[in-house]
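Asks:
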Amino acid sequence: MRKLQTVKDVVTALKRSDGQLTTTDQEVAEELANCFQQMFTEEDGSGLDQEEEDMHSGWLDNCIDFSPEAVMKKLECLPMDKAPGPDGLHPMLLRSCAAAVAGPLSSIFKRSFDEGLVPSDWKTADIIPIFKKGAKDDPANYRPVSLTSVPCKVMESLVKDSLNAFLEMKGSISVHQHGFMKGRSCLTNLLESLEKWTQALDEGFGVDVLYLDYRKAFDSVPHKRLLEKLKTYGIHGRLLRWIQSFLEARLMRVGIRGSFSDWIKVLSGVPQGSVLGPLLFLLFVNDLPDWIKNSIRLFADDAKIWNVIRSDADNHSLQEDLNSLSKWSDKWLMRLNSDKCKVMHVGHSPCASYSLNDEAGNRVTIKQITEEKDLGVHITADLKSSTQCIRSAAKARSVMGMVRRNFRRLDADDFLLIYKTYIRPHMEYCVQAWSPHLKKDIDCLEKVQRAATKMVRGFCHLPYEDRLKRLGLTSLEERRIRGDLIEAYKIMTGREAVDRGQFFQLSACEYNLRGHSMKLSKQRASRDIRKFFYSQRVVQEWNKLPQAVIDATSVNQFKNRMDKYWQRYGH
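Mapping of the sequence shown onto our numbering: position 36 corresponds to residue 39, and the numbering continues sequentially without gaps.
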């Protein structure tokens with residue numbers, strides 16, 4: 004199954020600027036290299052505060068642990084199935100020889116850090132083009148993913164651990180950023196957004212949501228401006244010099260089935276595929292919410308801003324935010340892709356249009372949409388989950404078809420492994436944000452599991468309930484209730500790095516002694532879209548749990564205690 008689902012290097016023919024198609028792998032590699040080279044941002048230093056470089060040691064300089072023990076721990080955790088970088092050092096080799104190479108690597112890391120120099124071999128990358136969407140013969144529709152040196156990744160990981168701890172201690176990362184952050188995810192981003200939107204709709208107002216897209220965001224980060232921002236977060240001394248060396252004078256080449264393009268200079272950006280790159284990008288866009296008056300949520304470079312529309316002034320406020328965003332983009336050389344920026348009028352008819360400047364400086368109107376794929380979930384203007392149910396069920400069925408074509412006979416153990424890993428996750432991705440409440444949508448998902456369980460040898464003629472019992476499965480509806488409670492436990496106990504007050508309020512009722520000490524109050528709702536949203540539907544089930552389940556000290560313990568409670572008393 005892993006081999007069947009692996010993203011394959013299937014680039015065959017690309018359209019050149021003269022309209023002709025490439026004919027060889029070498030030509031494809033060169034065409035992609037030329038395309039990727041055009042993404043880079045050239046900066047001259049104008050608009051930056053020119054300061055002398057701080058040569059003194061920063062607080063972080065003495066906190067990064069490059070000891071053989073720390074290096075050994077990282078080497079032992081290297082994934083065995085990842086590809087090596089241009090230096091050919093495979094992670095399997097380094098992991099197998101961890102005891103022998105930990106000491107020498109520790110010395111290399113210390114010297115590299117002290118001198119503020121990254122070896123040139125560590126700054127080369129083989130680029131694997133990954134198709135995104137659109138026309139497959141358009142080079143612009145491919146994302147460059149870097150295969151970099153594995154020893155460098157080990158050092159990056161050690162640097163990142165200390166840098167993360169430092170930023171967490173200072174509370175530097177914006178609470179609106181959910182990408183690459185501990186305790187935040189696509190799910191928390193969607194839950195926070197939809198919580199506000201469903202609340203506004205229940206109060207009788209509409210919401211205008213602007214989905215923004217930056218052109219090749221990771222590859223266009225200007226290095227000088229990034230380094231200036233790092234200084235404002237307290238990153239100085241040897242660490243700053245090492246990061247500067249890590250970013251500068253990089254080289255990359257595109258590889259297609261063993262054919263490589265010429266080496267090209269990397270003039271901007273943070274390497275996609277590196278360990279430190281995502282964190283550096285988060286720090287670069289971290290001040291973006293400060294320029295926005297209305298609500299904003301970020302997931303790395305994916306941004307959406309919105310405002311509840313009560314009057315024309317709310318439309319004007321949202322347009323002012325767009326203007327501010329354009330100023331931020333001009334200052335920091337991050338270009339908005341006007342063709343991919345969209346507006347969705349949630350819960351009301353279009354009453355205003357919004358505009359921004361394109362790359363040529365011309366004012367263009369943002370495209371209006373009624374459906375958007377937001378972090379993998381299909382959001383519609385009425386906030387109903389029917390579209391998401393249909394799409395997720397279709398994905399799951401397509402995988403089932405692939406299983407049927409490649410596995411003629413499946414016993415129960417093989418089926419469970421494949422079903423739980425490759426089929427069911429399509430129907431449960433971020434499901435807390437879109438869990439269906441209409442019978443037709445519930446049945447749409449449940450029918451997939453009904454059909455899937457018939458693939459087990461000898462199970463075809465058994466009733467659905469018997470098939471579930473023999474396989475140790477439950478209905479998808481029961482699993483959604485269980486998932487709701489697990490997410491509630493994470494939020495209430497602070498394991499999700501979000502403010503629980505935006506979702507839940509503790510019950511003020513003191514005379515009811517049943518239940519537990521963290522009982523929640525339920526708000527009144529007039530519309531089903533609010534009544535059946537996560538923060539409302541989970542309250543009743545959460546309040547039913549006994550104190551012993553709530554007192555669990557870990558997520559796994561909570562799951563085990565809840566399952567035992569349901570087995571004993573039923574759900």
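Ideal Cβ positions, reconstructed from N, Cα and C, are used throughout, including at glycine.
Excluding five sequence neighbours on each side, which residues of the same chain lie with their C-beta closer than 7 Å to the C-beta of K113?
Replies: Its chain contains F69 as the residues whose beta carbon lies nearer than 7 Å to that of K113, once the 5 sequence neighbours on both sides are disregarded; these appear in chain order.
Asks: Indicate the three-state DSSP secondary structure (helix, strand or coil) for K343 in the structure shown.
Replies: coil
Asks: Taking a contact to mean a Cβ-Cβ separation below 8 Å, would you say W545 touches L523 in this structure?
Replies: yes
Asks: Are the region 233–250 and the region 371–384 touching by the rule of at least three beta carbon pairs closer than 8 Å?
Replies: No: the two stretches stay apart, fewer than three of their Cβ pairs being nearer than 8 Å.
Asks: Once the 5 residues before and after R19 are set aside, which same chain residues still bring their CB inside 7 Å of it?
Replies: Excluding residues up to 5 positions away in sequence, T25 and E34 lie with their Cβ nearer than 7 Å to the Cβ of R19 in the same chain.
Asks: Scan the region 355–422 and note each continuous beta strand (DSSP E) run of 3 residues or more that stays entirely inside, going in chain order.
Replies: 358–360, 366–368, 370–372, 374–377 and 380–383
Asks: Note down, in chain order, each residue of its chain lying with its Cβ closer than 7 Å to the Cβ of D64, except the 5 sequence neighbours on either side.
Replies: So the list reads G240, R241 and L242, once near-sequence residues are dropped.
Asks: Only counting runs of 3 or more residues, tell me where the beta strand (DSSP E) segments fall wholly within the region 252–299, in order along the chain.
Replies: Taking only runs of at least 3 residues, the beta strand (DSSP E) segments lying wholly in the region 252–299 are 253–259 and 267–269.
Asks: For G461 and D414, what's the separation of their Cα atoms in angstroms?
Replies: 9 Å
Asks: Less than 8 Å between the beta carbons of L419 and L465, yes or no?
Replies: no
Asks: Where D361 and L213 are concerned, what is the direct C-alpha to C-alpha distance, given to the nearest angstrom?
Replies: 16 Å
Asks: What is the C-beta distance between A102 and M75, in whole angstroms, given that I count them as a contact (C-beta under 8 Å)?
Replies: 7 Å
Asks: Might you give, ordered along the chain, the residues of its own chain that have their beta carbon closer than 8 Å to the beta carbon of V346, omitting 5 neighbours on each side?
Replies: D211, V212, L213, Y214, S356, Y357, I369, K370, Q371 and I372
Asks: Using a Cβ distance threshold of 8 Å, determine whether the region 485–499 contacts the region 536–555, with at least three qualifying pairs required.
Replies: Yes, they touch.
Asks: Please classify Q202: is it buried, with 16 or more other beta-carbons within 10 angstroms of its beta-carbon, or exposed?
Replies: buried
Asks: Would you identify the three-state DSSP class for T201, choosing helix, strand or coil?
Replies: helix
Asks: Counting only the same chain and skipping the five closest in sequence on each side, list residues whose C-beta sits under 6 Å from that of P71.
Replies: A105, G106 and S109
Asks: Just curious, the alpha helix (DSSP H) that K534 is in, first and last residue?
Replies: In the DSSP annotation of this structure, the continuous segment of the alpha helix (DSSP H) that includes K534 starts and ends at D531 to K534.
Asks: Which residue spans inside the region 67–131 form an unbroken alpha helix (DSSP H) run of at least 4?
Replies: 71–78, 94–99 and 101–118
Asks: Does E55 come out as helix, strand or coil in the three-state DSSP assignment?
Replies: Residue placement at E55 is flagged as unreliable, the pLDDT there being 48, under the threshold of 50; a coordinate-derived value is accordingly withheld.
Asks: What span of residues does the beta strand (DSSP E) with Y145 cover, start to end?
Replies: Y145 to L150
Asks: Checking the sheet assignment: what are the DSSP bridge partners for L213?
Replies: According to DSSP, L213 shares a beta bridge with I308 and V346.
Asks: Looking at the unbroken alpha helix (DSSP H) that takes in M430, where does it start and where does it end?
Replies: R427 to E431
Asks: If you draw a straight line from the C-alpha of S560 to the C-alpha of P87, how long is it?
Replies: Before going further, note that residue 560 is Gln rather than Ser in the sequence given. Between Q560 and P87, the C-alpha separation is close to 38 Å.
Asks: If contacts are defined as beta-carbon pairs under 8 Å, then G272 and S223 qualify, I think. What distance do you get, rounded to the angstrom?
Replies: 6 Å
Asks: Using a Cβ-Cβ cut-off of 6 Å (strictly less than) and excluding sequence neighbours within five positions of Y568, which residues of its own chain qualify?
Replies: Taken in chain order, the residues that qualify are V552.
Asks: Closest to Q401 by CA distance: which of S327, F208, A455 and R533 is it?
Replies: Checking the sequence, you will find Ser at residue 401 rather than Gln. Of the candidates S327, F208, A455 and R533, the one whose C-alpha sits nearest the C-alpha of S401 is A455.
Asks: Which whole-angstrom value describes the C-beta separation of C155 and W125, a residue pair presumed to lie in contact below a C-beta threshold of 8 Å?
Replies: 4 Å
Asks: Between L1 and G350, which are expected to be in contact by the criterion C-beta below 8 Å, what is the C-beta distance as a whole number of angstroms?
Replies: No answer is possible for residue 1: the residues shown for the chain start at 4 and end at 574.
Asks: For D444, I'd like the list of residues in its chain whose CB is within less than 8 Å of its CB, leaving aside the five on either flank, ordered along the chain.
Replies: S388, S389 and C392
Asks: Tell me the rounded alpha-carbon separation between A32 and C38.
Replies: 10 Å
Asks: Counting along the chain, where does the alpha helix (DSSP H) carrying I445 start and finish?
Replies: K442 to T456
Asks: For R473, report the span of its alpha helix (DSSP H) as first-last.
Replies: Y467 to L474
Asks: Mapping DSSP to helix, strand and coil, what is V14?
Replies: coil
Asks: Over what stretch of residues does the alpha helix (DSSP H) that includes Q505 continue unbroken?
Replies: No residue range can be given for Q505, since it is assigned to no alpha helix (DSSP H) and is classified by DSSP as neither H nor E.
Asks: Is I238 helix, strand or coil when you go by DSSP?
Replies: coil
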